[in-house]
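Only one structure is covered here, and it is reproduced in the block below.
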Amino acid sequence: MTPPRTPGAGGTSGGIPPAPSPASAARRRPRARLRADCTADSAGGLTFDVALRDGSAGDRWDAALLLERRGPGGDGPPYGDGDPYDLGDGPADPFAPGEVTDAADHWVRLPLFPSGDDRLRAALPSTMTLAEGRWDAYVALGEETPRRLLPGALELRPLGDRDPSAHRTWLGVRIPYASRNGGLAVRAWLRWPHAELADLSVADGGLRLRGRLFGAALDDGARVEAWPRGGAGERVTAGVRGAGGPDFTATLCLDTLLATVPGSGGEDRAGPAVRDVWLRPAEGAAPVRVGRILDDVPDKKRTCPHPPHRTADGTATPYYTRDNDLAVRLERPPV
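The opening position of the sequence shown corresponds to residue 53 in the numbering used here, with each subsequent residue numbered one higher.
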C-alpha cells in the first residue's frame, strides 16, 4: 500500500504535484521522425525532399542531409537511437561540418535548401561517387542532434532506363530503400567494368545468361566462368557469343557444374557447394563479376528468387548474393 503524500513534500498542498513548465515538457517530448521522398534520374542522381510540418523550411539555411556508410557486416546505423556524441575511440564525428569530397568512402554531408515553405531539398549528383555498400540517412537541423530519416515516397522508375555511356570511367548505382529497422538507407555500387545480367533461363540442360558488358570490349577468348567459392575446386567455363559488341550470351552446362561437386553423404557430407559467376572479356583480361544492379531493386536475394533445377546428377539453383551478383548453389544426391 502506498502511503499518502505529505502536504508540501514533493508537491503542492493536498499531494498534487506541480504542473510541468512548458519548457520542461518540450524537453521531454520526443522529436518527430522526419521523412524524405526520393526521386531518381536516369543518369543515376538522387534528389531528397524532407518535409517540415511546422512550415519553417522557407527560413532554413542551416540544414543538411547526412549519409553514413555502414561497416562490414553492419545490420544498422552506429548512431540511430543511441547517443550520437558517444564516439568512443572511433573516427572523428562524421556529422561535424566539412566539405564533401569527390570520392566518399565513409560519410557525405549534402546541404538542404528550402523548396517552398514546407520542404527542404538535397541533391546527390550522378557525378559524385559513393563507395560500394549500404549508407544510412540522417537529417541535421541547425544545432540539433542529427536524427535518422524515415523513407517517404520513392520514385525510382528512371533507374530501369539507365544505359551507361561508353566514355565513362566508372559506374555508380544508388538505390534508396527502407532498411530492416525502418530507416531510410541507400544501397550503392561502384564498378567499372561491369557485366549486367539482363536475362537468366534454363533450357536443354544449360543455364543461359544474356547480358551487356560496360567498360570493356568483348574479344577473342571471351568466356563466362563459374568459380568455386573459396577458391578450391575446378572452374567451369562456357564460350561467349556476341564478341565484338557489348551484348553477350553464354550457357553453362548444369551437369558439368554438378560434376565438379563431390557427392554428399555419410561422414563426408559437406552440404551444397557455391559457384560465383564471372565474365572474362578476352583471353588474358581480368574477370568481371556478373550481376544485376541497373534497376530499382536493392536486394534481389530476397525478392528475386530462382527455382531449383534438378537433373540426374543433382540440383542447381541460381540466385543473387547480398551484393546482387550471380551465383549458383549446387547439391549432389547422397552416395
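Where a beta carbon is used, it is the ideal one built from N, C-alpha and C, also for glycine.
All figures in this text were calculated on a predicted structure; none of them were measured in a lab.
1) Are residue 114 and residue 212 touching if we call contact CB-CB under 9 Å?
2) Using the C-alpha atoms, what's the distance from residue 90 back to residue 109?
3) Taking 8 Å as the threshold, find out whether the segment 239–252 comes into contact with the segment 179–190 through three or more Cβ pairs.
4) Compare the beta carbon distance of residue 269 and residue 350 with 9 Å and say whether it is the shorter of the two.
5) In chain order, which continuous runs of the beta strand (DSSP E) of length 3 or greater are located wholly inside the segment 182–255?
6) I'd like to confirm the pairing. Which residues does DSSP put opposite residue 329 in its beta bridges?
7) Would you call the CB atoms of residue 191 and residue 304 closer than 9 Å?
8) Here's the rule I'm using: 16 or more other beta-carbon atoms within 10 Å means buried, otherwise exposed. How should residue 226 be labelled?
9) Measuring CB to CB, does residue 198 end up less than 9 Å from residue 112?
10) In whole angstroms, what is the alpha-carbon distance linking residue 307 and residue 161?
11) Are the CB atoms of residue 383 and residue 325 nearer to each other than 9 Å?
12) Below 8 Å on the Cβ atoms is my guess for residue 329 versus residue 313; work out the distance and round it to an integer in Å.
13) Taking 9 Å as the cut-off, decide whether the C-beta atoms of residue 101 and residue 173 are in contact.
14) Where DSSP assigns a beta bridge to residue 289, which residues make up the other side?
15) Residue 231: buried (16+ other C-beta within 10 angstroms of its C-beta) or exposed?
16) Kindly identify the DSSP beta-bridge partner or partners of residue 361.
17) Determine the direct distance from the alpha carbon of residue 179 to that of residue 257, and round the result to whole angstroms.
18) Looking only at its own chain, which residues have a Cβ that is under 6 Å from the Cβ of residue 331, when we skip the five neighbours before and after it?
19) At which residues does the alpha helix (DSSP H) containing residue 354 begin and terminate?
20) Hey, residue 116 and residue 157: beta-carbon distance below 9 Å or not?
On the basis of the data shown:
1) For the purposes of this step, residue 114 is taken as the residue at position 62 of the sequence shown. For the purposes of this step, residue 212 is taken as the residue at position 160 of the sequence shown. Not in contact: residue 114 and residue 212 (Cβ atoms no closer than 9 Å).
2) For the purposes of this step, residue 109 is identified with residue 57 of the sequence shown, where counting begins at 1. For the purposes of this step, residue 90 is identified with residue 38 of the sequence shown, where counting begins at 1. The straight-line gap from Cα to Cα measures roughly 17 Å.
3) yes
4) On the sequence shown, position 217 is the one that residue 269 refers to. On the sequence shown, position 298 is the one that residue 350 refers to. Against a cut-off of 9 Å, the Cβ pair of residue 350 and residue 269 comes out as no contact.
5) 185–193, 202–207, 223–230, 236–243 and 246–255
6) Position 277 of the sequence shown holds residue 329. Answer is 278.
7) Position 139 of the sequence shown, counting from 1, holds the residue named residue 191. Position 252 of the sequence shown, counting from 1, holds the residue named residue 304. For residue 191 and residue 304, no; Cβs fall outside 9 Å.
8) Here the question's residue 226 lines up with position 174 in the sequence shown. Its Cβ being crowded by 16 or more others within 10 Å, residue 226 is buried.
9) To locate residue 198, count along the sequence shown from 1; it is residue 146. To locate residue 112, count along the sequence shown from 1; it is residue 60. For residue 198 and residue 112, no; Cβs fall outside 9 Å.
10) For the purposes of this step, residue 307 is taken as residue 255 along the sequence shown, with counting starting at 1. For the purposes of this step, residue 161 is taken as residue 109 along the sequence shown, with counting starting at 1. Approximately 51 Å between the Cα atoms of the pair.
11) Within the sequence shown, the letter at position 331 stands for residue 383. Within the sequence shown, the letter at position 273 stands for residue 325. Closer than 9 Å, so yes.
12) Locating residue 329 in the sequence shown gives position 277, counting from the first residue. Locating residue 313 in the sequence shown gives position 261, counting from the first residue. Contact doesn't hold; Cβ gap of about 16 Å is too wide.
13) To locate residue 101, count along the sequence shown from 1; it is residue 49. To locate residue 173, count along the sequence shown from 1; it is residue 121. In contact: residue 101 and residue 173 (Cβ atoms closer than 9 Å).
14) Residue numbering aside, residue 289 sits at position 237 when the sequence shown is read from its first letter. Note: residue 289 sits in a beta bridge opposite 277.
15) Taking the sequence shown and counting its residues from 1, the one referred to as residue 231 is at position 179. The residue is buried, with at least 16 neighbouring Cβ atoms inside 10 Å.
16) By one-based count along the sequence shown, residue 361 stands at place 309. Residue 361 pairs with 368.
17) Sequence index remark: in the sequence shown, residue 257 carries index 205 (1-based). Sequence index remark: in the sequence shown, residue 179 carries index 127 (1-based). About 43 Å.
18) Counting from 1 along the sequence shown, the entry for residue 331 is found at position 279. Cβ within range, chain order: 247, 276, 340 and 342.
19) Start at 1 with the first residue of the sequence shown, and residue 354 comes out as number 302. From DSSP, the alpha helix (DSSP H) with residue 354 extends over 352–355.
20) Position 64 of the sequence shown, counting from 1, holds the residue named residue 116. Position 105 of the sequence shown, counting from 1, holds the residue named residue 157. Not in contact: residue 116 and residue 157 (Cβ atoms no closer than 9 Å).
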